[in-house]
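Written below as C-alpha cells is the structure these notes are about.
Protein chains: 2
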Amino acid sequence: MALRYALMAALHEAPATGYELTQRFRSRLANVWNASHQQVYRELARLLEDNKLLVETVAQSDKPDKKRYHLTIAGRKDLEEWLNTPQPRPPVRDPLLVKLFAGDLLDSDVLKEDIEKLKQDWLAQLGYFRSIEHTYFRQPSALSRQYRLQYMALRRGITQITAGLEWLEELETTLEELDDAP
Amino acid sequence: MALRYALMAALHEAPATGYELTQRFRSRLANVWNASHQQVYRELARLLEDNKLLVETVAQSDKPDKKRYHLTIAGRKDLEEWLNTPQPRPPVRDPLLVKLFAGDLLDSDVLKEDIEKLKQDWLAQLGYFRSIEHTYFRQPSALSRQYRLQYMALRRGITQITAGLEWLEELETTLEELDDAP
DNA sequence: GCTCAATATGCAACTTGTTGCATAAAGGAG
DNA sequence: CTCCTTTATGCAACAAGTTGCATATTGAGC
Chain A
10 MALRYALMAA LHEAPATGYE LTQRFRSRLA NVWNASHQQV YRELARLLED
60 NKLLVETVAQ SDKPDKKRYH LTIAGRKDLE EWLNTPQPRP PVRDPLLVKL
110 FAGDLLDSDV LKEDIEKLKQ DWLAQLGYFR SIEHTYFRQP SALSRQYRLQ
160 YMALRRGITQ ITAGLEWLEE LETTLEELDD AP
Chain B
10 MALRYALMAA LHEAPATGYE LTQRFRSRLA NVWNASHQQV YRELARLLED
60 NKLLVETVAQ SDKPDKKRYH LTIAGRKDLE EWLNTPQPRP PVRDPLLVKL
110 FAGDLLDSDV LKEDIEKLKQ DWLAQLGYFR SIEHTYFRQP SALSRQYRLQ
160 YMALRRGITQ ITAGLEWLEE LETTLEELDD AP
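If you're matching them up, the sequences are chains A and B in order. Following this note's numbering, the residues of the first sequence are numbered contiguously, the last one being 191. Following this note's numbering, the residues of the second sequence are numbered contiguously, the last one being 191.
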C-alpha cells in the first residue's frame, strides 16, 4: 500500500516519468524509499488505472518516448488522507546483525570486509547527502515550512548514517581488542 | 532467503519453539529481525523439510503440546556458509519520511501526534535494551568473542534509537520555530 | 567496428510478507 | 459465569518485492 503513496508524494513534488522516479529513489530519496524500476512501472500503471494519475506522452526524436505522470486532484486528495493518518514504522531486518548474533560461526576477516564495504557505502552516501544540504539548505530557518520539512527528511538520512559510522568504529575497536587479547 | 538464516541463527543460540522464536523477534531481537508467527511457523516447516532442523515434541499436561526445533549439522553448516558470504543491506522504506517529503499536505497537529507516538515507542524500546545491557553486558571486555559480538548487535539498537530520538528533538524544534514565526 | 553504459519501458514467474481466520486449554478480571 | 489474555500451532488468500528477461536507441571508450 505504501509504495503508491511514496510515488504520489514524489509526483506531488514534481511530475516525472517512471525512469526518473526510479532514479530519485536511488539518489535523493535513498533514505526515504526504494523500489526497483519494475515495481515502479507496475505501480504507476495501477495508479493510472485508478485515476490517481494522468499521463503525458513526450515524443523524443533521438531516444525512446517518455511518459510523464502527473498527480490528479483525486490522487492529491488520496495522498493527503494517507499522510494524515498514522502509518506503521518500517520493519527491522538487518542481515549484518543476524551475522553478529551468530558471531561464533563468523570469520573475523569476512566480518572486517563487510565492515569496510559498508563504511565505504555509507561514506559515499553521506557525502552525497551533505552536498545536497550544502547546495539547497544553507539557511534552513529562511525556508518555507514545506522545504524545512523536506530538510528534516534529509537530516534524518545524515544523522542515521553518522550514527551508523560511529557504531562501525565501536565494532572495529571491539575486533581489534579481540585480536590483541584472544 | 534471509528469514531462514535469522531463524537458524536464533536456533543456533538455543533450541526453541516457533512461539518462542516469535517472541524473541519481538523482544530481544527487535533491532535485528522481525517476523509474524505465521511466517515463522511456515518457514520452520520448510527448514524441517530441507533437513536443516529436527523436532522434539514436548508433551505438556496442562497446555497444548510444544514442538522444540534444533539445528542439525547440515543446518549449522548452511548457516555458517551464509554468514561468511556478503549479504545485502536492509532496504529503506520509511512512511514518516514520505510524509515529511510531502510536508505541504501534512497537518502539523497530526505530525506532532506521530512524533509523540514514535518517541514513546522508542523510549520504551531503549529502556528495554538498556536493561539487557545492564544485566548481561556489564563488563563487555571480560566476555568471550561470541558475546562481545552479540553485545555489538545490541549496541547497534541502542545507538540507532538514541540517534532517532535526537533527530526527533531537532524535528520538534523546527516545528516550534514554524509555529512561532508563520 | 565492437562492446558497454545510459536512457526508457515493460512482462512473467517466483519469493517474501501480510491479513484474516481457526483451534484449544488455562488462568485472571469482572 | 463470562469474557479477555496468554500459550501454542497452523492454513489460505492476497499484496508486495525480487529476479530474469526483452526491446530500442544514443554516445563513450577501446
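Backbone N, C-alpha and C fix where the C-beta goes; we use that ideal spot for every residue, glycine too.
- Of the candidates E89(B), N60(B), L30(B) and Y160(B), the residue whose Cα lies closest to the Cα of R147(B) is Y160(B).
- With a minimum length of 3 residues, the unbroken runs of beta strand (DSSP E) contained wholly in the region 70-136 of chain A fall at 75-80.
- Sorting K75(A), E89(A) and D74(A) by C-alpha distance to the C-alpha of T81(A) places E89(A) at the top.
- For L63(A), the uninterrupted beta strand (DSSP E) run begins and ends at L62 to V67, by DSSP.
- Assigned with DSSP and collapsed to three states, A25(A) falls in strand.
- The C-alpha of L174(B) lies about 15 Å from the C-alpha of Y137(B).
- Excluding the 5 residues flanking it on each side, A54(B) has no same chain C-beta neighbour closer than 6 Å.
- Residue environment for K108(A): buried (at least 16 other C-beta atoms within 10 angstroms of its C-beta).
- Proximity of L187(B) to chain A, defined by a Cβ-Cβ separation below 8 Å, is satisfied.
- Contact annotation: L63(B) and R165(A) have beta-carbon atoms that are not nearer than 8 Å.
- With a threshold of 16 other beta carbon atoms within 10 Å, N40(A) meets it and is buried.
- Interface annotation for the region 139-162 of chain B against chain A: P149, S150, S153, R154, Q155, Y156, R157, L158, Q159, Y160, M161 and A162, criterion Cβ-Cβ distance under 9 Å.
- Ranked by Cα distance from A44(A), the options D116(B), V101(B), R139(B) and L120(B) are led by V101(B).
- Excluding the 5 residues flanking it on each side, H79(B) has same chain C-beta neighbours closer than 6 Å at P24 and L63, in chain order.
- Under the DSSP assignment, R154(B) falls in the alpha helix (DSSP H) whose first and last residues are R154 to D189.
- With a beta-carbon spacing of about 7 Å, L187(A) and R157(B) fall inside the 8 Å limit used to define contacts.
- Around A39(B), the beta-carbon contacts reaching into chain A at under 7 Å are V101.
- Close partners of L180(B) in chain A (Cβ separation under 9 Å): L158, M161, R164 and R165.
- For a Cβ distance threshold of 8 Å, residue set R98 of chain B lies close to L127(A), ordered along the chain.
- Straight through space, the alpha carbons of S117(A) and E185(A) are spaced by roughly 10 Å.
- Spatial neighbours of D123(A) in its own chain (CB-CB distance under 7 Å, excluding positions within 5 residues in sequence) are listed in chain order as L105.
- In the DSSP assignment, V49(B) falls within the unbroken alpha helix (DSSP H) covering H46 to E58.
- Taking a Cβ-Cβ cut-off of 7 Å, the neighbours of Q169(B) in chain A comprise A172, given in sequence order.
- Put simply, the CB of K121(B) is far from chain A, with every gap to its CB atoms at 8 Å or more.
- Taking L92(B) as reference, the option from I170(A), Q32(A), F110(A) and R51(A) with the minimal CA-CA separation is F110(A).
- When the alpha-carbon of D113(A) is set against those of L114(B), A19(B) and V119(B), the nearest one is in A19(B).
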